[in-house]
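Take a look at the structure below.
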Amino acid sequence: MKQIESKIGMRIIEIIFLVLLGIPRIILHDLSLIEKGTFINLLLVFVPILVWIVYILFRNDKAPVLSIFILCLLYGVILAVTHQLLWTHSFPGYIQLGGNLSGLSGGLSTFIARSFAFISSLMTGALIGLILSVITWALSKVKKLYIRG
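Just so we're on the same page, the numbering used here is the position in the sequence shown counted from 1, plus 4.
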């Protein structure tokens, strides 16, 4: 833990707190309490991301790109776990796959769907991490230029 903290210049507890800012949207969406395209959903999507970037940039992290990437990877883990915990709310019965997999049992179909959902959530975290890493890198360069000039 101390090695990670010294590499990125950010304590693990800070990263965890920042990641937790993304949980309300995950839960509200999985429970069908908010819908895509609404203003509240927009806020719940982008406010945590803005907080992450601003926090990292203004605390002068040693490695802002690594910090945001790790943060997003952990967000992907939280996303995956939360989806699994709330799975039965969204899908109360067994999943029935189609095509070549239509003959599989409901249990196996559900296992496959849940496995892919888990992996998809992890990949979502990684992809968001890549995108936000580029944005954070660019903003950190702009910040350095602005402070020097």
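Where a beta carbon is used, it is the ideal one built from N, C-alpha and C, also for glycine.
Open item on the list: Assuming contact is defined by CB atoms lying nearer than 9 Å, are G80 and M127 in contact in what I supplied?
Closed with: Translated into the one-based positions of the sequence shown, residue 80 becomes position 76. Translated into the one-based positions of the sequence shown, residue 127 becomes position 123. Taking 9 Å as the Cβ cut-off, G80 and M127 qualify as a contacting pair.
Open item on the list: Please report the straight-line C-alpha distance between A76 and G111, rounded to a whole angstrom.
Closed with: Here residue 76 refers to the residue found at position 72 of the sequence shown. Here residue 111 refers to the residue found at position 107 of the sequence shown. The sequence shown places Cys at residue 76, rather than the Ala named in the question. Spanning the alpha carbons of C76 and G111 requires a straight line of approximately 31 Å.
Open item on the list: With three or more beta-carbon pairs closer than 8 Å as the criterion, would you say the region 42–49 touches the region 86–95?
Closed with: Contact between the region 42–49 and the region 86–95 is absent, because fewer than three Cβ pairs lie under 8 Å.
Open item on the list: On a Cα-Cα basis, can you pick out the residue from R118, I82, L83 and N104 that is closest to Y98?
Closed with: Residue numbering aside, residue 98 sits at position 94 when the sequence shown is read from its first letter. Nearest Cα to Y98 within the set R118, I82, L83 and N104: R118.
Task: Residues near G26 by beta carbon distance below 6 Å, same chain, minus five either side - done: Stepping through the sequence shown from its first residue, residue 26 is reached at position 22. If the five residues before and after G26 are omitted, its C-beta is found closer than 6 Å to the C-beta atoms of P52 and Y79, all from its own chain and listed in chain order.
Task: S94 beta carbon less than 9 Å from that of S185 - done: No answer is possible for residue 185: the residues shown for the chain start at 5 and end at 153.
Open item on the list: Distance check for K147 and G153, CA to CA, integer angstroms please.
Closed with: Translated into positions along the sequence shown, residue 153 becomes position 149. Translated into positions along the sequence shown, residue 147 becomes position 143. Note on G153: pLDDT 49, under 50, position unreliable in the model; the coordinate value appears next. One C-alpha to the other measures close to 10 Å.
- [ ] Determine, using beta carbons only, whether G133 and I82 come nearer to each other than 9 Å.
- [x] Locating residue 133 in the sequence shown gives position 129, where the first residue counts as 1. Locating residue 82 in the sequence shown gives position 78, where the first residue counts as 1. Contact flag unset, no.
Task: Buried versus exposed call for A84 [16 or more other C-beta atoms within 10 Å across all chains shown] - done: Here residue 84 corresponds to residue number 80 of the sequence shown, with the count starting at 1. Buried.
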